[in-house]
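As structure tokens, the structure follows; a few thoughts come after it.
Number of protein chains: 2
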Amino acid sequence: MLRRLHLRHARRPRHHSSAAAADAAAVPLSSPTFSIFGANTGVGKTLVSAGLVASLLAPPSPSTVSYLKPLQTGFPEDSDARFVFDRAPALLRLFPRAGGGATRVVSSNHTLFPSPAVETLPERQDTVVTYGGEGDGERVAVEKTLVCRTMYAWREPVSPHLAAEKEGMPVEDEEVRWVVDRWLADGAKDGDGEVWKVLETAGGVASPAPSGTLQCDLYRSSRLPAVLVGDGRLGGISSTLSAYETLMLRGYDVGSVILEDRGLSNDKFLLSYLRKRVPVHVLPPIPEDPKDDLTDWFSESSSVFSLLKDSLQSFHSRRIQRLNSMQRKSKDLLWWPFTQHDLVPVDSVTVIDSRCGENFSAYKVKDKRIVPQFDACASWWTQGPDSNLQIELARDMGYAAARYGHVMFPENVHEPALRCAELLLCGVGKDWASRVYFSDNGSTAIEIALKMAFRKYACGHGILVDTEKDITSERSIQFKVLALNGSYHGDTLGAMEAQAPSAYTSFLQQPWYSGRGLFLDPPTVYTRNRTTHLSLPPSIWHDQLSSCDTCFSSVTEVFCKTRDTSSAANLYVSYISQQLSQYAMSNSSEHIAALIIEPVIQGAGGMHMIDPLFQRLLIKECKNRKIPVIFDEVFTGFWRLGVESASELLGCLPDISCYAKLMTGGIVPLAATLATEDIFEAFRSDSKLTALLHGHSYTAHPMGCTAAVKAIQWYKDPSTNSNLDLDHMKLKELWDGALVNHLSSLPNVKRVVSLGTLCAIELKAGSDAGYASLHASSLVRKLREEDNIYARPLGNVIYLMCGPCTTRDSCTRQLTKVHRRLQKFN
Amino acid sequence: MLRRLHLRHARRPRHHSSAAAADAAAVPLSSPTFSIFGANTGVGKTLVSAGLVASLLAPPSPSTVSYLKPLQTGFPEDSDARFVFDRAPALLRLFPRAGGGATRVVSSNHTLFPSPAVETLPERQDTVVTYGGEGDGERVAVEKTLVCRTMYAWREPVSPHLAAEKEGMPVEDEEVRWVVDRWLADGAKDGDGEVWKVLETAGGVASPAPSGTLQCDLYRSSRLPAVLVGDGRLGGISSTLSAYETLMLRGYDVGSVILEDRGLSNDKFLLSYLRKRVPVHVLPPIPEDPKDDLTDWFSESSSVFSLLKDSLQSFHSRRIQRLNSMQRKSKDLLWWPFTQHDLVPVDSVTVIDSRCGENFSAYKVKDKRIVPQFDACASWWTQGPDSNLQIELARDMGYAAARYGHVMFPENVHEPALRCAELLLCGVGKDWASRVYFSDNGSTAIEIALKMAFRKYACGHGILVDTEKDITSERSIQFKVLALNGSYHGDTLGAMEAQAPSAYTSFLQQPWYSGRGLFLDPPTVYTRNRTTHLSLPPSIWHDQLSSCDTCFSSVTEVFCKTRDTSSAANLYVSYISQQLSQYAMSNSSEHIAALIIEPVIQGAGGMHMIDPLFQRLLIKECKNRKIPVIFDEVFTGFWRLGVESASELLGCLPDISCYAKLMTGGIVPLAATLATEDIFEAFRSDSKLTALLHGHSYTAHPMGCTAAVKAIQWYKDPSTNSNLDLDHMKLKELWDGALVNHLSSLPNVKRVVSLGTLCAIELKAGSDAGYASLHASSLVRKLREEDNIYARPLGNVIYLMCGPCTTRDSCTRQLTKVHRRLQKFN
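As they're listed, the protein sequences go chains A and B.
If you're matching positions, the first sequence starts at 1 in full-length UniProt numbering and goes up one per residue.
If you're matching positions, the second sequence starts at 1 in full-length UniProt numbering and goes up one per residue.
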């Protein structure tokens, strides 16, 4: 066991790519692990570490304590690991012993990667000491192990980022994380007894790591609970609370605050202020005389360290207990959307402990581990943040809540709403939109869009001559939408009515649904066997088309404007106009008053890529007939498909478009319906009755708008999004083309659609229609359990979805796993 | 001018009530004002103050500089105001002079309230000094004024909270704020030239004030932009960034960071980290020798202080410029809900700068002032936070964003969602609900509730025998709701269908609306002429009722269960059953499949109190007929009416109920639909098709759930909500009964409804129907402009709405203003 904890396999990954290429590792909760953060330098972190380690070594539990100092400067004169190694075992005598007998402590100290400037390399230290209380000859009742390690050490006693630069030993974050992850993963085997781990950070909570990343950010991915060593000096209340808030702003839980008593009663104030939040412990004054060997101080402090240990132990048990109970409780109390509860076994519920960038951390009840999983469904397609953006958003969310909370919107203006509107209008609304209407989610944005379109249609077609009067005879006029089969626009009734009938719109689900639309069958595009195919629905007669119309060497070709004069274009035009004429003849009181489409990709309908040529012609036809055009960009907007707005792919513009999901970076709900000035004009008059009388309480809530402002800018700023291809203002290819082609050639794959942040794979159905969907479910289970990819099946489609800033490396890693898994499934 | 700035009127408000009773004062932006915060003690705040003041005194502008030290300890030996007074004018010579001539500085220093322990009270100091550069006899070209003030001073050099306690001079927050507000309001008159103000805080950003409130919280209401004096020492990067984050978590803007160079390049790191956010200035090392008179240091630093001044000046101009442009831009880019843009003059747009508890701060373009306004519409009825809850929520929002961002919900569980569900089920859902379905807003919560009710009805009445098949013939069955005229349930189509026809549901607004309900006329209750009246609609025949059935001495009587056997009860029962039977006879294919009501108060319909007896009997009748009962508590829930759920007032329970608005404390959107286990059962089977297939991307988003967890607990915890009457688990009376009675007797008042956090007043309509509404609009204008009450009219109803924790004092202050205004309007 001891050897495992030596981390002897940890060779420094000098080629950073090998570290960077790894996904974050699991954190076993079977070993309680805490990080020691300081409110400042010089507040006694190492004394706390030594005292805590000693209290842990004292019987009865645990059997092994592992102490890690990832970053040490001023080495070898300063070595916190050596201090702990030297002092902690000797302090054992201070703690009350359970039962008789002596305690033998086998301890070691080792420094893994000293900088070249460190001249005298200390040897690895090993000692065995026995503390028996009264007599030396006492029988050894307990054997304990203490492992102390320093990861990276620099000569200069300055901040690691300066030392790293001066001494020519830079260390990338990924490397530190990789090594820490290994230390975390290295655990006790059954029967070894309990292992506790203590990680001591360097400097204050926000002191820079070698790369310049703040330490609170560096260690965030494993989100170890923290012990915050507070500051007992004058001003220490402020610095302790600020440090506490910095940790909260990174999503850390603080298990305990501990600080020195310097006669200013800082502890009393903190105890009262942090009441109900975190226990506060107070240590006797630390002798200032550097010659003092602290023996007396440690002796006085031992009871405090025992209390600290107890409170951390209790923190840890409560955490585990709660985590263990969450599956059962969620099954009993929650009502999940789109979920048949009877089909969800209690042990299949995913307990999510936290999120960090593209991954969330799931707690595995069986083996008590926190496992990072790549959020391949992008949490219902909402997610945009990498871990840096998440930190920025967290700070902004705190700021917006503190500055604004929420404030009333109509006839008012506040900076986040105005700024957000400006960014929308010069971004996704560029060259066409002039107004922004805020609401809460995609579904409400669609209902608003429909109301806008209908009004515009009514005004433009002389249906509402006198807008002041609401003539009941107008109720005989029926407004319908033109839409595509397989489209999805949300789950509120108005949005549902714009969708074709399906299981989701059945009487069972929504007795009020009637399907108020003319729904056309769209042609789709996909990759199969390394070739891009066009697939026409039976309703579009197609023996005129040759293979040069239906096969393409790449998806790019499909978007080519030269296709506007192809045979496919003629075929589409005649299909569309025939459908519209036929409808007009048979429904005299009905008007097609809006076109609504998801541009390019139909998401919920099964990740189908619609032939952009077809959509372009449809839009043209509607514009000719003065039918307002709505783009539902709830899914497709904000770089989901590699461009800020999917209208750039189609090459044409809407009259109205709807945004949500990615708009806020995926952190909080907010939606926007953008419209042209023409649409807005249809609501203007001198009467309130003609205004758009639709609103929600949190319209344009400052937190949502603040998040959107940050996210929209972040995605399109090359200094924060390295995926940007600035020349074409689109994302570079994220999914490896060769791998996608491989996938598309697998025998169990029916089609692949890969565009922007999306790579979707439809599995081949066997003779049994339900088979593919079962197949997808079991594949998804494997991906979750063995590959740490949290995918969610969409019928027989599985997909990977990343954020606009996710590195191509990460995408390749995930896609490789899916490929491997699919190969095995054959 | 000088005298005004002496604050000679500022007598210490020893009776705190007089300070506490004042609303927050306006902050004039005509005088640029900054607060100096320190990353820690001992980082040189006062040196920065002195240097900044000197740079400001240097010609050309401004003409007057006012420096304030609200809290000073260690007095009189330590007096930061004296230091500034002594040093700043002399430093003038360091700054380049514009044009020739000497500068005369008239300065004064005065300490207002020294503690009793301060033995030697320093005299008020006044000096006039002239700096002319070369010769003494030079002509005085510019005259400048420097006013230095200390507000409260204590003897001991410790934190103010300790000094205040030891020396027996406690100071309440309200008192400090009141004095600071006066200092802020005291400004230059036209022609006096520009005045700059500098407020220097004590200790670090989060050091306690005398009351124990953190200073960053104490000064939050005026939200002065900050200069953060950073820390150049080892560990100073961390403490500077943490302090910066603490200021952000209070909603402050930091105009500049300035710190001493201690050879550790902290400034370089901060410059890079804070790039794009805030300028960072670096000062030469401060001599450590206490005998050094700092002359050389100030001389070296003068160019840095000039830069600091420039960057603050530019910060201030940009702020004003943006604020001045926001009305115009909002008119051009935004599309407000429920607003006829043509009726909103550009200068009537309210520019909201921030919110603090129950007030938000509006920027008045005309006189460049930030004016706190009581948010009487509670920002569409969402607001719950007092200023303390807002701070807590801000920290929690930062934490939740950092820990979770957003994560997928179905088949998953995370702590905030689970905890929120637990709190809902043991709170508003107590004794009846067993499941929580999350969504985004009131409207979606209602659509979900309707889907739940319809399914339950269908299952319970044998309409869906085989839930697997969706037999199209069932489409011939029409499900309707039973609802009340005047009710409102949201603006999405499904929610609208459950409302009676009105201007909001017209063809103009929503061509798809048909009004799928049987809408009954409800009896209402109100106060007029100090008496509570019952008003019956014409459709309820009522000459059986005597005045003892229709007049009550108080609203409490109306809720009395003894009325269940009154003549009114009989009348209601027969009205209800007659309506139901009549409907059943004439609509054979239609089923009343749900009852939906806003319990007790109809909000959007005009703040009508519905006779609770009527609602109770209606519910009973529906329960008898196995019609599921939905409570729309979006408005009424979470103490809005003085109890956590309005069902407590009615004395009966629903099958389904909907919550939103106040649930998150009014900070971020979140909604919940609660249901009984019976309702949930109707969706269980072994098929996904029978599950409730309705969801939104941000379902149960962690930030919303985290806010709800905090708010729900905050409202019902007597340690945080002093309005709680624990014996009856309801809020104490917030609106002064006598005042309400007075109001109800005014000749221009038609009725008053006062319950819980709501006090609504309907104005009497004259002969002209539109008159009262115009009357309300002009009243609202007066309230906004002259009384600093941001009310919003609801037709001819004006109302005040506070939060569950708003003090009765504040309520009385606002109500008194409304009363006075209404009297004048007669």
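Each residue gets a CB set at the ideal place from its N, CA and C atoms; glycine is no exception.
It should be emphasised that the depicted structure is a prediction, and the values quoted were computed from it without experimental measurement.
DSSP state of residue i mapped onto helix, strand, coil
i: S325 of chain A; result: helix
i: T636 of chain B; result: coil
i: A503 of chain A; result: helix
i: S108 of chain B; result: strand
i: F298 of chain B; result: helix
i: residue 834 of chain A; result: Given that chain A is displayed from residue 1 to residue 826, the structure contains no residue 834 of chain A and the question cannot be resolved.
i: F83 of chain A; result: helix
i: N741 of chain B; result: helix
i: T472 of chain A; result: Interpretation of T472 of chain A is limited by its pLDDT of 47, a score under 50 that renders its predicted location unreliable; the figure taken from the coordinates is listed afterwards. The answer is helix: DSSP assigns T472 of chain A an H, G or I state.
i: V555 of chain A; result: helix
i: K69 of chain A; result: strand
i: C548 of chain B; result: helix
i: V346 of chain B; result: helix
i: Y252 of chain A; result: coil
i: A39 of chain A; result: coil
C-beta neighbour in chain A for residue i, strict 9 Å
i: F360 of chain B; result: yes
i: C377 of chain B; result: yes
i: F683 of chain B; result: yes
i: H341 of chain B; result: yes
i: residue 835 of chain B; result: Residue coverage of chain B in this structure runs from 1 to 826, which leaves residue 835 of chain B outside it and unanswerable.
i: Y572 of chain B; result: no
Check: residue i C-beta below 8 Å from any heavy atom of the ligand ADP
i: F338 of chain A; result: The ligand ADP is absent from the structure shown, which contains no ligands of any kind.
Chain B contact for residue i (CB, 9 Å cutoff)
i: Q313 of chain A; result: no
i: W381 of chain A; result: yes
i: A421 of chain A; result: yes
i: M408 of chain A; result: yes
i: S581 of chain A; result: no
i: T472 of chain A; result: Unreliable placement is indicated for T472 of chain A, whose pLDDT of 47 sits below 50; the coordinate value is still reported in the next sentence. Closer than 9 Å to some Cβ of chain B, the Cβ of T472 of chain A qualifies, so yes.
Distance between beta carbons of residue j and residue i, contact taken as under 8 Å
i: Y152 of chain B; j: L68 of chain B; result: Wrong, their Cβ atoms sit about 11 Å apart, outside the cutoff.
i: residue 834 of chain A; j: Y572 of chain A; result: Missing from the structure shown is residue 834 of chain A; chain A here goes from 1 to 826 and no further.
i: Q478 of chain A; j: S589 of chain A; result: 6 Å
i: Y698 of chain B; j: D440 of chain B; result: 6 Å
i: H281 of chain A; j: L241 of chain A; result: H281 of chain A to L241 of chain A, Cβ: 16 Å. No contact.
i: N741 of chain A; j: F825 of chain A; result: About 18 Å; that fails the 8 Å criterion.
Exercise. When Cβ atoms are compared, which residues of the segment 488-511 of chain A fall closer than 7 Å to chain B?
Worked result: D491, T492, L493, G494, E497, A503, Y504, S506, F507, L508, Q509, Q510, P511
Problem set entry | Given 8 Å, three or more beta-carbon pairs between the segment 209-227 of chain B and the segment 156-166 of chain B | yes
For this session: Would you list, in chain order, the members of the segment 156-168 of chain A that have their beta-carbon closer than 9 Å to a beta-carbon of chain B?
Result: P157, V158, S159, H161, L162
Problem set entry | Interface residues of the segment 692-703 of chain B facing chain A [CB-CB below 9 Å] | Of all residues in the segment 692-703 of chain B, L692, L693, H694, G695, H696, S697, Y698, T699, A700, H701, P702, M703 have a Cβ within less than 9 Å of some Cβ in chain A.
Exercise. Any residues in the segment 651-663 of chain A with a beta carbon nearer than 8 Å to a beta carbon of chain B? Which ones, in chain order?
Worked result: A660, K661
Exercise. Going along the chain, which residues of the segment 389-401 of chain A sit with their C-beta nearer than 7 Å to a C-beta in chain B?
Worked result: Listed in sequence order: Q390, I391, L393, A394, R395, M397, G398, Y399, A401.
For this session: Below 7 Å between beta carbons is the criterion; list the residues of the segment 216-237 of chain A that meet it against any residue of chain B, in chain order.
Result: L234, G235, I237
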